[in-house]
Amino acid sequence: MLRLAAKLVAFFWRRQDVPENEAGPPGPELTEGDVKLRTVQGVVTRYCSDYGMIDDLIYFSHEAVTSRVLLNVGQEVMAVVEENKVSNGLKAVRVEAVSDKWEDDSKNSGRGLSDPSPRVLIGCVTSLMGGTGYINQTTRFSLESVCEGFQPCKGDWVEAEYWIRPGTWSSEAISVKPLRYKRVDKACISSLCGRNGVIEDSIFFTLDSLKLPEGYTPRRHDVVSAVVVESSQSCYVWRALCLTPVHRDATAPGVLPEESYGTLLLKNKGNVEVTRMTNFGTLKEGARKAMVIWIENKGDIAQKLVSCKLAGWDKAKQFRFQDQARPAVSLVSVPEEAKDFSDESTESFKSRSENNTHQPLKGIAVSSGEVFPGDCTCEDREKENTASEKQVADAEPGELVPPGGKTCIMVVCDAKNPGRCKELLLLCFSNFLIGRHLEVSVVSAEESLIAVREPFSWKKPKSCQALAPTKTTVVVTTQKRNSRRQLPSFLPQYPIPDRLKKCVEQKIDVLTFQPMLAELLNMSNYKEKFSTLLWLEEIHAEIELKEYNMSGVTLKRNGDLLVLEVPGLAESRPSLYAGDKLILKTQEYNGHVIEYIGYVIEIHEEDVTLKLNPEFEQTYNFEPMDVEFTYNRTTSRRCHFALEQVVHLGVKVLFPEEIILQSPQVTVWNHIQDAREDGQFTSKDSKTTKDQTKPAAKERPVGTENQPGAAETHDAVDETEIPKAKDTEFFNPVLNENQQLAVRRILSGDCRPLPYILFGPPGTGKTVTIIEAVLQVHRALADSRILVCAPSNSAADLVCLRLHESKVLRPAAMVRVNATCRFEETILDAIKPYCKDGEDIWKASRFRVIITTCSSAGLFYQIGVRIGHFTHVFVDEAGQASEPECLIPLGLVSDVSGQIVLAGDPMQLGPVIKSRLAMAYGLNVSMLERLMSRPAYLRDENAFGACGAYNPLLGNEAREGRSPSWFNPAEAVQVMRYCCLLARSISSPVSASDIGVITPYRKQVEKIKILLRNVDLVDIKVGSVEEFQGQEFLVIVISTVRSSEDRFEDDRYFLGFLSNSKRFNVAITRPKALLIVLGNPHVLVRDPCFGALLEYSITNGVYTGCNLPPELQALQT
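Under our numbering, the first residue of the sequence shown is numbered 8, with each subsequent residue one higher.
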């Protein structure tokens, strides 16, 4: 048997019958044991991730390449080859690249790059620091390599030529230019917020990188000309490089000067120093505290303090000056009523007041009227001062603070309004102003219910140390993954290439593994590019899970099952799902460790219920265990398999440029005539041929007004064998005109297999239209078999429920196929009858209407179902699925007569991708969004619903215990108060079930629920943005949580994903009548979307709360 195998191997690796010149000139031979070593010269004919072939005869591995130079197919190499005497097989033990010319070598050595010809990279600028930047996080470039006139900014799309450095395995761009650019003439600046602005509501600019004519400062409503480049700036796709004014609006307020009032105002001047510690700290609501502010003249000239004023930022007037008498010796006496003074402040005040260099505040006016920094002319201020209870003495000419002298004032804070408050104290001297910010955090009684119970101490676990050689592991695993289905598995493993893992772990440029990532997506690189992106996402998931491994934890009991508490799970840190595998390890004892493999059966907030070995479950006595998380590769493997299957769909589906008309599947209700009357279609030709093309038409937003669509041809159609729809009308009688038109187009199917795209803003009835289309296809086409998919179980359940409620399809006609790991208790009672037949995948595959998730559609691959099994594939919420995930169901449709319908909104939540590398190269772009960006699909931009009210609140953010999730007690209390006002209004109360609260942090969700439970409002839904996708409420309250203006250590969690433009869009479009947003405007203004919302709220008079950032204050005038 072994001899037979050896002969077979020798047949494929035989060398002796091949002329010597085919593999290059022979070199000196060496003999070593049973192998011969020789040097040959040849050409690389194949080169994959870990191995290659020279002249299709000599095998070599990646490790054999000297200096780990990146080889290319067609490249000449010198190889030291070993020949096995038994099999005559050839294997290279050393491979070295050969340059074509010695001049190339000298040129390359000067540059330090391996490839003499640069490659082209199309990507996004992901970071800039100093004189260098990075494209797609991996390719470095210097600003010197950027084309003239282009100053790159983070988010810009560029085209670059790059090289691979062999020593560091990193790519470096040698030239960078914008991917797309254009000139825009006579456009209006539609908004200006701080240093950021927008032109014509579509072009973003920032003063930090904008080139302007000397002396010109942009203002709102200015008419300008601009040069713009393609750039991803939040919800904008263009960025302005330079502006030239055409016409200036004289009535528009200008932006603030470079150095704002605040910066100048807070500086000490005239050698006068003022106390800088002016924070009152945290006070309970109703409490009082006083603070002494010292003024010291360190100069040689006496300074005249004319007046002290409060700017009036604090509308509740929580700050005031203490009434003071003028004793003979000390400057200020401490009144009895100031019982809440801090000991430190009082003692400091008493000790310093004994200094005989103090000068009394005689003649200095003290008031709390509203004032702005530019209002104070000091000398004339004395005439305006009037006697009041806040004056130290009667108004009279102010006295001087002599050189070396000190004086002081006392400020009292009466805590009234919960949250953080900031006031401006103005000290007006004869020739200058000095300001100080008075700050306080007021805590309400309700906040004590949700205060921090335990200091935040969650830490990243230490990296696992290598096990000692003497340690052995015994694996005990009798409980397997849910095995109610015994399915064959035709899915290959698609292992992650070791080279790619090394690239990520050692931070080597990923382009050295797969240069195709730098190219625009096309049919030739489609499979390789997406395969690499899927592997990158898997690598990130595995690395991330390792970081969350736990040691020394104790499990809890819940009946016969064990429960593991996982801090941070509610924030998807780590991300776990039902059916995932965990490994529990006992503590080491005598060099032995026992591993127990368990499976997640239920997740509730941060508690994970596990199914383990029954014996272990019974005998476990709360011993400490180590926990290791594992990544479930099932969905990823299905995606890889789908990439192989969908190649048959070709460019006509994946990269459509034209439409090839086919005979309609069904003649529908004389829709041609109806459409003509509505102006929807125009006939282009009396013939319908396969060569006839037209601009592709995606379905218009189903809830908006009709707009002229692309031309369609329906006139001359052979109707002899075409089914006709019944004369009955739609199953759903309340469909609007656009929804009916979409159903007719889908049922006709003239353009199949080109994907039909059904998109629209929230609430336009996309799912309703899908339901009607499924029912019509099922009725009109007796040979149809329909697969309806969605990215999530909740979305798939909703489709099944709506079809059930139509009372057209019964369990005998429709089946709901669930994932193997899904548990019955999570399934709605109404759809359980449809799930029974879904347990048998072979039986389920024969139903005419099948509903499942995109991932679970891969179950049909496992039983051998292949191309063409389904005539129609509908994907609802397609914008939330990554392209490889969306391909899983598409791989089962025919490329000739099959019909694909994608429904969703590209402006709402996209696929959740965690690998920044995979995102940089496009895995976060759904198939729906990518197709809509192609010229064949004419995009229809639509405005979304207007917002209602914006209420900023300066609360303090916090974390507690081992949870990394943020919460803001002051905002949580304010949310509760708004809910009470709405639900218990005497004149027009709002039902609790009509109120929704959106907040990005799980801990804030928990705190708000506690408060609402205490006021008996448990019916109000509180959750994250994802939980509100596809739902609408009469009132939505958004709590943004983050409030600290100088603590954003992790850009990914800045505003808790609300900074993502799609999540922002989902959040603000949930309400039907009223939107209330709570947050810190000084923080939110940094985000373009929230900045635009702030500007809209201010200009429409619906802003209330704390003082605005300086850049927004002009909008209030």
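Just so you know, even glycine gets a beta-carbon here, dropped at the ideal spot from N, CA and C.
Being a predicted model, the structure only gives us computed values, none of them experimental.
Query: May I have a chain-ordered list of the alpha helix (DSSP H) segments no shorter than 4 residues that lie completely inside the stretch 1075-1112?; Result: 1088-1091 and 1095-1106
Query: So, are the CB atoms of TYR501 and HIS647 less than 9 angstroms apart?; Result: yes
Query: With the cut-off set at 9 angstroms, would you say VAL795 and THR859 are in Cβ contact?; Result: yes
Query: Can you check which of these residues, THR771, GLY871 and ILE895, is closest to ALA797 by C-alpha distance?; Result: ILE895
Query: Residues in its own chain within less than 6 angstroms of GLU446 by CB, not counting five upstream and five downstream?; Result: ASN286 and LYS429
Query: Assuming THR860 is part of the beta strand (DSSP E), what are its boundary residues?; Result: 856-860
Query: Assuming HIS785 is part of the alpha helix (DSSP H), what are its boundary residues?; Result: 773-787
Query: Note the first and the last residue of the continuous beta strand (DSSP E) segment covering HIS69.; Result: HIS69 -> no beta strand (DSSP E), and no H or E assigned at all.
Query: Report yes or no: do three or more beta-carbon pairs, one from the stretch 451-462 and one from the stretch 303-318, lie closer than 8 angstroms?; Result: no
Query: Pull up the distance between the alpha-carbon of GLY138 and that of ARG172, whole angstroms please.; Result: 20 angstroms
Query: Where does VAL570 fall in DSSP's three states?; Result: strand
Query: The beta strand (DSSP E) with ASP804 in it runs from where to where?; Result: That residue, ASP804, is in no beta strand (DSSP E); its alpha helix (DSSP H) goes 800-812.
Query: Please name the residue in GLU526, VAL408, GLY426 and TRP170 whose C-alpha comes closest to that of SER437.; Result: VAL408
Query: Around the Cβ of MET1129, are there at least 16 other Cβ atoms within 10 angstroms (buried) or fewer (exposed)?; Result: This structure cannot settle anything about residue 1129, because the visible part of the chain is limited to 8 through 1124.
Query: Please return the same chain residues whose Cβ sits closer than 6 angstroms to the Cβ of SER182, not counting the five positions on each side in sequence.; Result: SER152 and GLU168
Query: Once DSSP output is grouped into helix, strand and coil, what is the label at ARG984?; Result: helix
Query: Could you tell me the boundaries of the alpha helix (DSSP H) in which ILE1015 lies?; Result: 1009-1021
Query: Look at the alpha carbon of SER852 and the alpha carbon of PRO976, and state the distance between them as a whole number of angstroms.; Result: 52 angstroms
Query: Using the rule of at least 16 other Cβ atoms within 10 Å of the residue's Cβ for burial, across every protein chain shown, is LYS850 buried or exposed?; Result: exposed
Query: Which of helix, strand or coil does DSSP assign to PRO1116?; Result: coil
Query: Rounded to whole angstroms, what is the Cα-Cα separation between ILE6 and GLN82?; Result: In the structure as shown, the chain starts at 8 and stops at 1124, and residue 6 therefore has no counterpart that could be examined.
Query: Roughly how many angstroms lie between the CA atoms of THR270 and GLY426, to the nearest whole one?; Result: 24 angstroms
Query: Compare the C-alpha of ALA789 against each of PHE854, CYS828 and VAL279 and name the closest.; Result: PHE854
Query: What are the boundary residues of the beta strand (DSSP E) that GLU1128 is part of?; Result: The chain is shown only over 8 to 1124; residue 1128 falls outside these bounds and no answer can be derived.
Query: For MET530, which of helix, strand or coil comes out of DSSP?; Result: coil
Query: Between the alpha carbons of CYS828 and ILE848, how many angstroms are there, rounded?; Result: 14 angstroms
Query: Considering only their Cβ atoms, is the gap separating THR251 from SER232 smaller than 9 angstroms?; Result: yes
Query: Tell me TRP170's beta-bridge partners as DSSP assigns them.; Result: GLU179
Query: Using a Cβ-Cβ cut-off of 6 angstroms (strictly less than) and excluding sequence neighbours within five positions of THR637, which residues of its own chain qualify?; Result: LYS588
Query: Who are the Cβ neighbours of LYS193 in its own chain at under 6 angstroms, not counting the five residues just before and after it?; Result: VAL230 and VAL253
Query: Closest to LEU1122 by C-alpha separation, out of GLY201, GLY59 and LEU527, would be which residue?; Result: GLY201
Query: Can you tell me whether DSSP reads ALA525 as helix, strand or coil?; Result: helix
Query: Taking buried to mean at least 16 other C-beta atoms within 10 Å of its own C-beta, is SER134 buried or exposed?; Result: exposed
Query: Name the DSSP bridge partner or partners of THR251?; Result: SER232
Query: Does DSSP classify GLU609 as helix, strand or coil?; Result: strand
Query: Quick check: what's the CA-CA separation for ALA1 versus ALA979?; Result: Residue 1 cannot be examined here, being either before or after the span of the chain that is shown, 8 to 1124.
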